[in-house]
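Here the sequence shown stands for residues 728 to 1725, where the numbers follow the working numbering.
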Amino acid sequence: MTAPGRRSSTFTRLLRHGFTDASAAERLLDSVELMPVRDDPVLLEALGATADPDQALLGLVRLLEAQPDPTARRELLDTLIAAKPLRDRLLGVLGASAALADHLARHPRDWHALVTYEPRDLHPGVEEFERGLAEAGDPVSLRVAYRRCLLSIAARDVCGTTNVAETAAELADLATATLRAALALARAAAPEDAALCRLAVIAMGKCGGHELNYVSDVDVIFVGEAVDGADEGKALRAATKLASHMMRVCSETTVEGSIWPVDANLRPEGRNGPLVRTLSSHLAYYQRWAKTWEFQALLKARPVAGDIELGEEYVTALEPLVWQAAERENFVADVQKMRRRVVENIPAAEVDRELKLGPGGLRDVEFAVQLLQLVHGRADASLRSGTTLDALQALAAGGYVGRQDAVQLDDAYRFLRSMEHRIQLYRLRRTHLVPEDDADLRRIGRSLGLRVDPVAELTREWRRHAAVVRRLHEKLFYRPLLDAVAQLAPGESRLSPEAARERLVALGYADPAAALRHLEALASGVTRKAAIQRTLLPVLLGWFADSADPDAGLLNFRKVSDALGKTPWYLRLLRDEGAAAENLARVLSAGRLAPDLLMRAPEAVALLGDGDGGGLEPRGRDHLEQEILAAVGRADGAVQAVTAARGVRRRELFRTAAADIVGSYGTETHPAEADQGALVDRVGAAVSDLTAATIAGTLRAVVRDGWGDELLTRFAVIGMGRFGGHELGYGSDADVVFVHEPREGVAEREASDAANKVVSEMRRLLQIPSADPPLLIDADLRPEGKSGPLVRTLNSYEAYYRRWSLGWESQALLRAEPVAGDEDLGRRFVDLIDPLRYPARGLGDEAVREIRRLKARMEAERMPRGADPKLHTKLGPGGLSDVEWTVQLLQLRHGYAEPGLRTTRTRAALAAAHAAGLISAEDAEILDEAWVLATRVRNAVMLVRGRAGDTFPSDGREVAAVGRYLGYGDGRVGDMLDAYRRTARRARAVVEELFYGG
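Shown next, in the form of structure tokens:
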């Protein structure tokens, strides 16, 4: 007897053998059923070797209790102790699967299925499983027979007799045999239907690929034909009945549960299509209507049941279409988009536990392998395997995937599939979620041979393999392109030039030969620089391919690399700072403007990094002006000073454009900015502040060079139009008017000459041809337009506006705001014009009619010939002009009474009009959306083409790049244009009511 307070030696031994509830285990060992063997060390050792010793012991006791008589119980115990193969198999299954332990308790004689241990039993195929199911005459007995066969597969699996690939193949073979048995039951139930038709069952998905899970939907497609002399319609109805019955046999729940769902949703038209089609109907659908993913699914098509000859005809007929899928427009993008959509649909709370669909999961490996198969399988039949690991091995053997990458992916895939098998085996439930409970994780870890600290070891190995998959699944597609142009180690295979060309074309490169030349120039050689490039390029190529113009992205990257290749920091920045490489790839492939700005001073790449010296946040007006004025102060002469100011402007334009592109495209870690208005406001404010600071610096330089510290006259620059409204785009001129006021004792003529010389010299210096983009100053909004003097005194402005001012001039002054020069003079100019732009009595009817007439004339006369008005962002219906004139009419009529309307900014004025009750919330939202969209389109056109434009480009690649900037993926240009027309049409309806009708 054990002394009080002391543990028995059995209790201690149980803990040492991996039991977690030793007290309960002691009680079970003391049960009547186990009395004959309770002290046998062989039993305890065998239980301790299982995934869950506690569960295995409980399952054994239940199985012994279920034996029909003492003789049967003794037979089981004797065999268990004497026969190691049975002992390992039976206890292994009981420790890994509570569901199979329940089956054995319900069918206590089925343990005999684990006794046989002959060579043919080690790797059974369809024929052996068909024999195991042969006696099943109804759905219930078929389930029992299926579980019996499953017992033997699970036993070989948990004992290590078969590896994960062999287990998956056996499960697929068992599914094949089961489908055949279920179809036989359906035929026997309806012999008259069976006599009318030929029916082939095509396995798809993991069953078709010979890599099934323990619990998975079995994906199928049905092909039916009439037998000779039968009516086709009747034959198809008969085949549909047989197919439906077969699916019910497998899927319906009985007293023995179900087998697995049979899913026919991969068929043409999915759930909406007929369950059974003729071969010709299948062929017609795939030739005309099928999407890219449907050809991807056909990679795994395999006839398994019914009329095998008809099934082979189906595969033979569709095979050529499968291998042409890579030639479809946007093929790679379609496949990758499908993958992203799968990830996006995972609930946020589950994404980190998703073994199959999550990032770094099984689906990443499968998608990458299938993508490569579809690209290269047309020319290389060795790649046409439906089994993931076989296909991966073939890709490595052919040089389509690096051997080391293939080995790492193979290891990761096998581990993840093993985890998936163990998770599903426990309850025989369809799940791909890694459990959170430590007991479950411990069982899974022990079943995979992790015995020291199963939970920690399992988690560590799972995360490690998932990280490998995440790192490699994108690179897998691009790295062999570098091997195709690089020196390889002896025995390594490489992509042939033709295979490399195929892959680049599939990625969207229009000139694969040039792309290969760029890769060779960047990555060949044995230098450290080439080695870093070979690390970076596989990822960069993927980001380039995600743009509308991969060729331009790669070419621009080569140019930047050539310019900066000898600097110590460039490649280190791209390699070590996570955001820099992706930001650069986005910027270089999004159009011409940002790369052109970068090429003029490649060191601006540093702005794209994460570090303190970089960052894409725009700098404020004060910071910019301080930097520019300091540079001007250090310069020797006005030309050098303005050159320095323009250099700052070019750098900051690049910063603004890069931030806009990255915010619009999004990155792997930060999604695209959802608030389009915020993007527009940031660009408008940044470019306007930069323009004002540049003009201020230029003014300082010109004055200092010609007059020293003080000009003969006070001088101010007033921003007008988009400049005054803080709404400048990348291609906007700077609309301004100039005002001066002679200093005391200076003659007005002398002051005026000085002011005119300042303006002339500023305009000249800002437009001198150089590496920096010119800044065009437009003074046409001054009194009398081009016919009037370029500069006026404040008194002259006052006299003109009192006697001669026209309605359009008051409207133009709504956006006037001082931007540079004498601040007091600027304030007094604003005080002068406020009564004109915010008249105390509002606008009279005649003034309103004049504004409307002017707007109508402008629409008719200024629209470019041949332009589509519905797509013209400035002058078209619902465009910028419509929205701005509507808002400005509200400001002219109500600005005196409503202080909120006294702003130069369109969106702010629109919000103020709504707040004042002058416009409904819905109308304000419609006008705001239209104005933001039109502004975004103009910014996009400038970014893409490198020159300003008010309508969508006609070139296919350029308009696609505009679409990407606006958030439309490949192949959605039509959606983008439709959305613009729709938005503009709604805005025009509001304008008709508020501007023309109110």
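Note that beta-carbon positions come from the ideal geometry of N, C-alpha and C, so glycine has one too.
- Distance from the CA atom of Leu-1136 to the CA atom of Thr-737, rounded to whole angstroms, is 45 Å.
- Annotation: the segment 1230 to 1285 contains no complete segment of the beta strand (DSSP E) (minimum length 3 residues).
- Between Leu-831 and Leu-818, the C-beta spacing is not below 9 Å.
- By the criterion of at least three beta-carbon pairs nearer than 8 Å, the segment 854 to 866 is not in contact with the segment 1182 to 1190.
- The alpha-carbon of Arg-1589 is positioned some 49 Å away from that of Val-1070.
- In this structure, Arg-1427 places its C-beta atom within 9 Å of the C-beta atom of Val-1359.
- The way I'd put it, the segment 1278 to 1292 does touch the segment 1305 to 1319; three or more beta-carbon pairs between them come closer than 8 Å.
- Selection Leu-1300, His-744, Ala-966 and Asp-865 evaluated against Thr-981 yields Asp-865 as nearest (Cα-Cα).
- Of all alpha-carbon atoms in Arg-1068, Tyr-1013 and Gly-1088, the one lying nearest the alpha-carbon of Val-1161 is that of Gly-1088.
- Counting along the chain, no alpha helix (DSSP H) covers Thr-1440; the unbroken beta strand (DSSP E) around it starts and ends at 1440 to 1446.
- Per DSSP, Arg-1346 lies in no alpha helix (DSSP H) segment and is marked neither H nor E.
- With a minimum length of 4 residues, the unbroken runs of alpha helix (DSSP H) contained wholly in the segment 844 to 916 fall at 846 to 849, 853 to 860, 866 to 885 and 891 to 916.
- Under the three-state reduction of DSSP, Arg-1144 is assigned to helix.
- Residue burial is scored here from C-beta neighbours: Trp-1050 has at least 16 other C-beta atoms within 10 angstroms and is therefore classed as buried.
- Per DSSP, the continuous alpha helix (DSSP H) segment holding Gly-786 begins and ends at 780 to 793.
- For Ile-1171, the enclosing alpha helix (DSSP H) begins and ends at 1165 to 1174.
- Exclusion of the five residues before and after Val-1668 leaves Gly-1676 as the residues of its chain whose Cβ lies within less than 6 Å of its Cβ.
- Burial state of Lys-968 is buried, judged by a 10 Å Cβ sphere holding 16 or more other Cβ atoms.
- At a Cβ-Cβ threshold of 9 Å, Gln-1403 and Arg-1663 count as neighbours.
- The beta carbon of Ala-1506 lies closer than 7 Å to those of Val-1463, Val-1464, Phe-1465 and Leu-1517 in the same chain, with the five residues before and after it left out.
- Nearest in C-alpha terms to Glu-1685, of all of Leu-1619, Glu-1625, Ser-1274 and Ile-1355, is Ser-1274.
- Glu-862 and Ala-915 have their C-alpha atoms some 14 Å from each other.
- In the structure shown, the three-state DSSP call for Val-942 is coil.
- Inter-segment contact for the segment 1149 to 1158 and the segment 959 to 979 is absent: fewer than three beta-carbon pairs are separated by less than 8 Å.
- Annotation: Ala-810 to Val-1096 spans about 43 Å, alpha carbon to alpha carbon.
- The three-state reading of DSSP puts His-1641 in helix, counting H, G and I together.
- Within a 10 Å sphere around the beta-carbon of Pro-1469 sit 16 or more other beta-carbons, which makes this residue buried.
- At least 9 Å separates the beta-carbon of Thr-1425 from that of Val-1375.
- Annotation: Arg-1029 to Ala-965 spans about 23 Å, alpha carbon to alpha carbon.
- Here DSSP, grouped into helix, strand and coil, assigns Ile-808 to helix.
- Judged by DSSP secondary structure, Arg-998 falls outside any beta strand (DSSP E); it is assigned neither H nor E.
- CA-to-CA, the gap between Leu-1101 and Gly-932 works out to about 16 Å.
- Secondary structure at Asp-1551: helix, using DSSP grouped into helix, strand and coil.
- With respect to Asp-1416, Arg-1348 sits close: the two C-beta atoms are nearer than 9 Å.
- For Ile-948, the three-state secondary structure derived from DSSP is strand.
- Contact between Ala-1688 and Val-1671 holds, with the beta-carbon distance rounding to 4 Å and staying under 8 Å.
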